[in-house]
Every structure is written in C-alpha cells, then in structure tokens.
Amino acid sequence: MHFRRNHLALAAACSLWACAASAEVLRYEFTGTVDSSTYVAQPGEKVTGTFSFDTATAPVGTCFNNTCSYNDPNGTMTMLAGGHQMSASGVGITVQNDQGIPGYEDIVRIGSFSPAVIDGTSYPVGFMTLWMVASKPQVLGSTDAPRDYQVHRFDMVREGGFSTGGVTLQDTLLHFQLDGIKLLQPSQQ
-8 MHFRRNHLAL AAACSLWACA ASAEVLRYEF TGTVDSSTYV AQPGEKVTGT
42 FSFDTATAPV GTCFNNTCSY NDPNGTMTML AGGHQMSASG VGITVQNDQG
92 IPGYEDIVRI GSFSPAVIDG TSYPVGFMTL WMVASKPQVL GSTDAPRDYQ
142 VHRFDMVREG GFSTGGVTLQ DTLLHFQLDG IKLLQPSQQ
C-alpha cells in the first residue's frame, strides 16, 4: 500500500517536472490599422505590438461550459501607434469554442491587466485588448489557448484597442482593425 502511494506520488511529481521542463513563453507580434483614436494616431496609421504568454499557466485555466480563461500575471503586452508607446503587465486569454452548436461563435479575447501605461502615464483601470469573433462554426478546435491565431478565419470581428478604463468614448484612446498575429520564436523554460 505504501509502495503504491509513494509510486503514485513519484509519478505525479515526475509528470509535473516534465510539464515544467516543456513550458514555453510564447511571444506574438500583431499588426493593425487605426480606425478611430482620440489623440494617439490618425485613422489609417499602422499599429504594431507584441504580447507574451507562458504556457505553464494554461493548466490553471478557469473553464465554464464552452469557455476557458487563462491568465499569465508575468505576461506583457505592448503597442506602438502614432509614435506613442503603450504597455501593460499581465496577459489574459479567453477562448470560447462554439463546439458546432448553432447560435454560438468562436471568440478569442487577449487582454492586459491594469494598470495600462501610455507614454509614461499610468491608468490604474486602463487596459489593452485584441478581440476576434467568428460566425463560421468550428474555427477553433478546442477551448485551449491557441498557439496559432489564424486571424483571417475570424470573419465577424478582428479588432483591438487601448482604453483608460472609463465608460465614455473619450476613454478609448485607440481603436484599430486587427490585421494579423504571428508567433515569434518561443523560448523554452
């Protein structure tokens, strides 16, 4: 009995070690085109940015029905538009998989935690976000955090933005159409 319990504990520890050994920090680059902005950039200007996400956080995702959320408090998100630098620490990814059910969409939201910073000014409840919605069934194969976002497959919504966290239009400092997200070289941990 003790051997079995110890063997199971050892097997669990080994599997945890194997997971930790294969964890990766995935770093992505995204691009977009400004469609509205208060002062950050002019419509038509390009937006570039990055976000990082540690796959070791994926097992602690919170799931309910067909939606899972993954949070990496050490992830980062940055944007550059109109010469203005935006950043935030902490990245959350929410994935809704339609699972082939009519009336549901596949949705991915990638966002930063508060505070968000633009040109050195911190907004305590500010945030940055990327948002994709597909009307076609089964764009996503699961509720796992995607490794390849395939932005072109999301036909309803592909957008992003920077907000100070308020509720008025003036609080949204930047809104853009998301052109693409590509995986840069992952780093092993």
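All residue numbers for the sequence shown refer to this note's numbering, where the first residue is -8 and numbers rise by one. For each residue, glycine too, the CB sits at the ideal point set by N, CA and C.
Asked	Found
Which one of 172, 148, 120 has the shortest CA to CA distance from residue 156?	120
Taking all protein chains shown into account, decide if residue 139 is buried (16 or more other Cβ within 10 angstroms of its Cβ) or exposed.	exposed
On the three-state DSSP scale, how would you describe residue 32?	coil
I believe residue 169 touches residue 150 by the beta-carbon criterion, under 8 Å. Please report the beta-carbon distance rounded to the nearest angstrom.	6 Å
Using the Cβ count rule (16 or more neighbours within 10 Å means buried), how would you classify residue 74?	exposed
Starting from residue 135 and walking both ways along the beta strand (DSSP E), at which residues does that stretch end?	No beta strand (DSSP E) holds residue 135; DSSP gives it neither H nor E.
Say whether the region 129 to 148 touches the region 110 to 119, bearing in mind that this needs 3 or more beta-carbon pairs closer than 8 Å, one atom from each stretch.	no
If you reduce the DSSP assignment to three classes, tell me which class residue 63 lands in.	strand
Looking at C-alpha atoms only, which residue of 28, 32, 44 is the closest neighbour of residue 18?	44
Can you tell me where the beta strand (DSSP E) holding residue 97 begins and where it ends?	97 to 103
With a threshold of 8 Å on Cβ separation, who are the neighbours of residue 96 within its own chain once the five nearest residues in sequence on each side are excluded?	87, 89, 124, 125, 126, 147
Does the pairing of the region 56 to 65 with the region 23 to 37 give three or more beta-carbon distances under 8 Å?	no
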